[in-house]
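Novice: First, the structure itself, so that you have it in front of you.
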Amino acid sequence: MRPALAVFAVAAVAQWLLPLSGIWQHERVISRGTLVKIECGAPDPYDPLRGRYLAVRPAQSTVSEPEGFPDGGGMVPVWAALEAGEDGLARIKSLSLVPVSGPTVIALTARNSGTTNGTDTIWLAWPFDRFYLNERLAPDADKLVAERSRDGKKTVAEVRLLGGQAILTDILLDGVSIRDVVKQRAN
Amino acid sequence: MSLIHHRWLAEQLPAWEREGIVTTDGARKLRERYAAEPQGGLAQMVVGAVGALLIGTGLIAVLAYNWDDFPRWVRLVLALGPLAVTQAVSWWVLGRGEAAKPWQREAAALAQTLAVGAALALVSQIYNLPGKWTDLIFWWCVVSVPLAWVLRSQAVAIAYLIGIALWTVTQASERANYLGAIGIADVRLWFPVLLAGILPLWPGPELRDRPAPGSRLVLAASTLIGLLAVAAYATVRPAHMFPSFSGFPWLAMLSAAAVLLFPLDRGGIAEPLSRKPQVLLGGGALVVMALIFTFEDPARDLVKGVGFALPLGWCWLLLLVVAGFAILAFRQGRFAVLAVAALALVPVVAAPLSADDTSGWPVAITYSLVLLATAIALIALEFLGRQGAARIGAALIALLVILRMADADVSLLVKGLAFIVIGTGFLAFNAYITRRRRVAVAGGSPA
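Sequences listed follow chains Y and V, in order.
Quick note on numbering: the working numbering labels position 150 of the first sequence as 150, and the sequence is numbered without any gaps.
Quick note on numbering: the working numbering labels position 155 of the second sequence as 342, and the sequence is numbered without any gaps.
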């Protein structure tokens, strides 16, 4: 085999391995992960490569600072154990600065966000922030979420958790997928 | 001599040979010295690249539409199918070896590169993965650059160079972001490694291949932008509310000097300035920065920054590279680029002489004088028959006088008259240089 063909073969294999490893990893979380539901907001921006999406912002964005949280402005990895409330929505039960395991543990990043009512708080960056939607549906979905927010109704992110990793699988409005709700309204 | 002149010469030579104006050996030497790219080949390559670009970007747009009526596995097949098809086409083109036409290689390589990007973007879209679109660029570049090597694709090489510069800038700006971020790559290590990824194409395994003029411009611009981003990365205090870039101006000057002094072989040195974008961009950036430092405040900040920059490993690496390149340039007699590159050394010479609380004027005046000396050197070198740049030297003197007149405490009448005199002198000098060059070409002068 000529050297050019060998280099090409290696590159071609790498071009397959990259998306396939991602697919394998994420399918594993979807098929084996624990299902949790998290309250969120979701406005509609745009990505030049991947199209339109709802920018998912979990409602629980700040919490009390855990003991031992470092000073300074940088992001710090933290592990949160989630617990479902009576309404079925998951909230943070505890935060750890070292890795912990469990079916509802999610790996987050956090930074200091100052003091609220005399309590030091941290701001959380969740490992999912986008829910991609068809460009026909995205503007209507954006309007729908805004309307519901004004009416005090909750938007819920459906997330699968496995080994601290999270995959956002759907956005639910009254337990129904936002895609279905928007399609029904369009019809 | 421009590319148009090269082509004109190539067209004339057969007739000159027939008429006995030049010998066969002389014509061969002229062809080697003033090589002209085949016009048809270039047009074919451009057409091939544009076609592949349209198909590939169309593919990305179609996939970005987000076909949510299809189940996930169908969308994954849609994402990976074009990759399989374009890989098969590239394999076929590669198998043809030298029989493959340049446009076929360009089109196949670019289409496959875009198919890789589409696959990565769609997988990311299907699983709602977080992160900005620039996060995909690193891996896209890494797995696509071998196509530039094996299919000798200028378009993929250009896309790769733009991609790595963009990614490096993104990483540097993330580091400066006061909100902070995790997983920022150390671009002091990664940018040089990624830049070296172009070496198997240019100069290639036999050290003979040179980028085409358009690609040279992208190569020089990406290198300069990437090095400036690395300088910013190296000097910024991470995750700070008020990011400080003390030391950046000097590292930026050293980066520009490294680009300006990039070593060339004899053929490269003989080429006209218009075909040496690294000299134009590196030298231009240095001169612009030096002109800024002829003012007091920027000059004071520049000298203060030397103390911040000197403890940095990246600063010493840049100094070593600039010193190495400068020695080579001196041996090759490239005195004009050395004169401009010397502008980057003023801060390190001035820093020990300036106390912390001192005014910036000594350094600003030094910069004015050094720029004046550089301009005179550029003019003198041309008059001495060396590679110089008399017009650029004259423009630099005119700019210096204008800047000093602009901030001088004299009446508008005096300023206006001075500008008229400078403008007239500059135009007269320009006309004189044009005439001198015409006479030199007609008389066969070595200048």
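Where is the CB? At the ideal position from N, CA and C, for every residue including glycine.
Should Val509 of chain V go down as buried or exposed, given a rule of 16 or more other Cβ atoms within 10 Å for buried?
Specialist: The residue you call residue 509 of chain V lines up with position 322 of the second sequence. Under this definition Val509 of chain V is a buried residue.
Novice: Should Lys463 of chain V be labelled buried (16 or more other beta-carbon atoms within 10 Å of its own) or exposed?
Specialist: As a first step, residue 463 of chain V must be located in the second sequence, where it is residue number 276. Looking at its Cβ environment, which holds 16 or more other Cβ atoms inside 10 Å, Lys463 of chain V is buried.
Novice: Kindly indicate if chain Y contains any beta-carbon less than 9 Å away from that of Leu315 of chain V.
Specialist: Position 128 of the second sequence holds residue 315 of chain V. Checking the displayed sequence, the identity of residue 315 of chain V turns out to be Asn instead of Leu. With 9 Å as the cut-off, Asn315 of chain V counts as an interface residue toward chain Y.
Novice: Assign Ser431 of chain V to buried or exposed, taking buried as 16 or more other Cβ atoms, counted over all protein chains shown, within 10 Å of its Cβ.
Specialist: Within the second sequence, numbered from 1, the residue matching residue 431 of chain V stands at position 244. Exposed, since its Cβ has fewer than 16 Cβ neighbours within 10 Å.
Novice: According to DSSP, is Leu162 of chain Y helix, strand or coil?
Specialist: For this step, residue 162 of chain Y is matched to residue 162 along the first sequence. Three-state result, Leu162 of chain Y: strand.
Novice: Looking only at DSSP bridge pairs, what is Phe606 of chain V linked to?
Specialist: Numbered from 1 along the second sequence, position 419 holds the residue referred to as residue 606 of chain V. Partner(s): none; Phe606 of chain V has no beta bridge.
Novice: Please state the DSSP three-state secondary structure of Trp126 of chain Y.
Specialist: Position 126 of the first sequence, counted from the start, is the residue given in the question as residue 126 of chain Y. Coil.
Novice: For Arg271 of chain Y, go through chain V and note every residue whose CB falls closer than 7 Å to its CB, in chain order.
Specialist: This structure does not reach residue 271 of chain Y, given that chain Y is present from 1 up to 187, and the question cannot be answered.
Novice: Please list the residues of the region 40-55 of chain Y that have a C-beta atom closer than 8 Å to any C-beta atom in chain V, keeping them in chain order.
Specialist: Asp47, Pro48, Leu49, Arg50, Gly51, Arg52 and Tyr53
Novice: Any beta carbon from chain Y within less than 9 Å of Lys319 of chain V's own beta carbon?
Specialist: In the second sequence, counting from the first residue as 1, residue 319 of chain V sits at position 132. Closer than 9 Å to some Cβ of chain Y, the Cβ of Lys319 of chain V qualifies, so yes.
Novice: Considering only C-alpha positions, which residue in the set V:Ala302, V:His192 and V:Leu241 is nearest to Gln15 of chain Y?
Specialist: Mapped onto the first sequence, residue 15 of chain Y falls at position 15. For the residues V:Ala302, V:His192 and V:Leu241, the minimum Cα distance to Gln15 of chain Y belongs to V:Ala302.
Novice: Assess contact between the region 491-506 of chain V and the region 432-452 of chain V, defined as three or more Cβ pairs (one per stretch) separated by less than 8 Å. Is contact present?
Specialist: yes
Novice: Would you check if there are 3 or more beta carbon pairs closer than 8 Å linking the region 19-27 of chain Y to the region 137-157 of chain Y?
Specialist: Cβ pair count under 8 Å is below three, so no.
Novice: Would you mind stating whether Val446 of chain V and Thr422 of chain V have Cβ atoms separated by less than 9 Å?
Specialist: By 1-based counting over the second sequence, the position of residue 446 of chain V is 259. By 1-based counting over the second sequence, the position of residue 422 of chain V is 235. No, Cβ-Cβ distance for Val446 of chain V and Thr422 of chain V is not below 9 Å.
Novice: Which class does Val550 of chain V belong to by DSSP, given the choice of helix, strand or coil?
Specialist: Counting from one through the second sequence, the residue named residue 550 of chain V turns up at place 363. In the structure shown, Val550 of chain V sits in a helix (DSSP, three-state: H, G or I).
Novice: Which of helix, strand or coil does DSSP assign to Pro379 of chain V?
Specialist: In the second sequence, residue 379 of chain V corresponds to position 192, counting from 1. It is helical.
Novice: Can a CB atom of chain V be found closer than 9 Å to the CB of Phe8 of chain Y?
Specialist: To locate residue 8 of chain Y, count along the first sequence from 1; it is residue 8. Yes, Phe8 of chain Y counts as interfacial toward chain V.
Novice: Val109 of chain Y: buried (16+ other C-beta within 10 angstroms of its C-beta) or exposed?
Specialist: Taking the first sequence and counting its residues from 1, the one referred to as residue 109 of chain Y is at position 109. According to the sequence provided, residue 109 of chain Y is Thr. The question's Val does not apply to it. Answer is buried; the Cβ neighbour count reaches 16.
Novice: For Val233 of chain V and Trp290 of chain V, I'd like the C-alpha separation in whole angstroms.
Specialist: Residue 233 of chain V sits at position 46 when you count from the first residue of the second sequence. Residue 290 of chain V sits at position 103 when you count from the first residue of the second sequence. Going from the Cα of Val233 of chain V to the Cα of Trp290 of chain V covers about 7 Å.
Novice: Counting only Cβ pairs nearer than 7 Å, list the residues of chain Y close to Trp336 of chain V.
Specialist: Indexing the second sequence from 1 puts residue 336 of chain V at position 149. Those within 7 Å of Trp336 of chain V in chain Y are Val7.
Novice: Quick one: what does DSSP say Thr109 of chain Y is sitting in, helix, strand or coil?
Specialist: Position 109 of the first sequence, counting from 1, holds the residue named residue 109 of chain Y. In this structure, Thr109 of chain Y counts as strand in the three-state DSSP scheme.
Novice: Going by beta carbon distance, what residues of the same chain come within less than 8 Å of Leu614 of chain V, once the five residues before and after it are set aside?
Specialist: As a position in the second sequence, residue 614 of chain V is number 427, starting the count at 1. Closer than 8 Å at Cβ, skipping near neighbours: no residue.
Novice: Looking at the unbroken beta strand (DSSP E) that takes in Ala585 of chain V, where does it start and where does it end?
Specialist: Sequence index remark: in the second sequence, residue 585 of chain V carries index 398 (1-based). No beta strand (DSSP E) holds Ala585 of chain V; the alpha helix (DSSP H) holding it covers Ala577 to Ala593.
Novice: Please compile the residues from chain V whose C-beta is within a distance smaller than 8 Å of the C-beta of Pro127 of chain Y.
Specialist: Counted from its first residue, the first sequence places residue 127 of chain Y at position 127. Scanning chain V for C-beta atoms nearer than 8 Å to the C-beta of Pro127 of chain Y yields Pro317, reported in chain order.
Novice: Whether or not the region 272-288 of chain V and the region 314-333 of chain V are in contact is what I'm after, with contact meaning three or more pairs of Cβ atoms, one per stretch, closer than 8 Å; do they touch?
Specialist: no
Novice: Would you kindly work out how many angstroms separate the C-alpha atoms of Phe8 of chain Y and Val276 of chain V, rounded to a whole number?
Specialist: As a working note, residue 8 of chain Y is residue 8 in the first sequence. As a working note, residue 276 of chain V is residue 89 in the second sequence. The straight-line gap from Cα to Cα measures roughly 12 Å.
Novice: Checking contacts by CB at 9 Å: is Ile38 of chain Y closer than that to chain V?
Specialist: Counted from its first residue, the first sequence places residue 38 of chain Y at position 38. No, Ile38 of chain Y does not count as interfacial toward chain V.
Novice: Any chance you could list the alpha helix (DSSP H) runs of at least 4 consecutive residues sitting entirely within the region 405-456 of chain V, in chain order?
Specialist: 435-447
Novice: Rounded to the nearest angstrom, what separates Ser598 of chain V and Ala418 of chain V at their Cα positions?
Specialist: The sequence position of residue 598 of chain V within the second sequence is 411, counting from 1. The sequence position of residue 418 of chain V within the second sequence is 231, counting from 1. The alpha-carbon atoms of Ser598 of chain V and Ala418 of chain V are separated by roughly 42 Å.
Novice: If you reduce the DSSP assignment to three classes, tell me which class Gly227 of chain V lands in.
Specialist: Within the second sequence, numbered from 1, the residue matching residue 227 of chain V stands at position 40. Bear in mind that a pLDDT of 48 at Gly227 of chain V, under 50, signals an unreliable position, so the model cannot answer this.
Novice: Alpha carbon to alpha carbon, how far is Ile412 of chain V from Val356 of chain V? Give it in angstroms, no decimals.
Specialist: Residue mapping note: residue 356 of chain V aligns to position 169 of the second sequence, counting from 1. Residue mapping note: residue 412 of chain V aligns to position 225 of the second sequence, counting from 1. Each residue's alpha carbon lies about 8 Å from the other.
Novice: Tell me which residues of the region 274-285 of chain V have at least one Cβ-Cβ distance to chain B shorter than 9 Å, keeping chain order.
Specialist: Checking the listed chains, one finds no chain B in this structure; the protein chains it contains are Y and V.
Novice: Under 9 Å Cβ-Cβ, which residues of chain Y neighbour Gln358 of chain V?
Specialist: On the second sequence, position 171 is the one that residue 358 of chain V refers to. Under the 9 Å cutoff, chain Y gives no residues; its nearest Cβ is about 15 Å from Gln358 of chain V.
Novice: Buried or exposed: where does Val181 of chain Y fall if 16 or more other Cβ atoms within 10 Å of its Cβ makes it buried?
Specialist: Indexing the first sequence from 1 puts residue 181 of chain Y at position 181. The residue in question, Val181 of chain Y, is buried, as its Cβ has 16 or more Cβ neighbours within 10 Å.
Novice: Over the uninterrupted beta strand (DSSP E) stretch that includes Ser96 of chain Y, give me the two end residues.
Specialist: Locating residue 96 of chain Y in the first sequence gives position 96, where the first residue counts as 1. Per DSSP, Ser96 of chain Y is one residue of the beta strand (DSSP E) stretching across Ala90 to Ser96.
Novice: I want to see whether chain Y comes within less than 9 Å of Trp326 of chain V, judged by CB atoms only; does it?
Specialist: Numbered from its first residue, the second sequence carries residue 326 of chain V at position 139. Answer yes: the Cβ-Cβ gap between Trp326 of chain V and chain Y drops below 9 Å somewhere.
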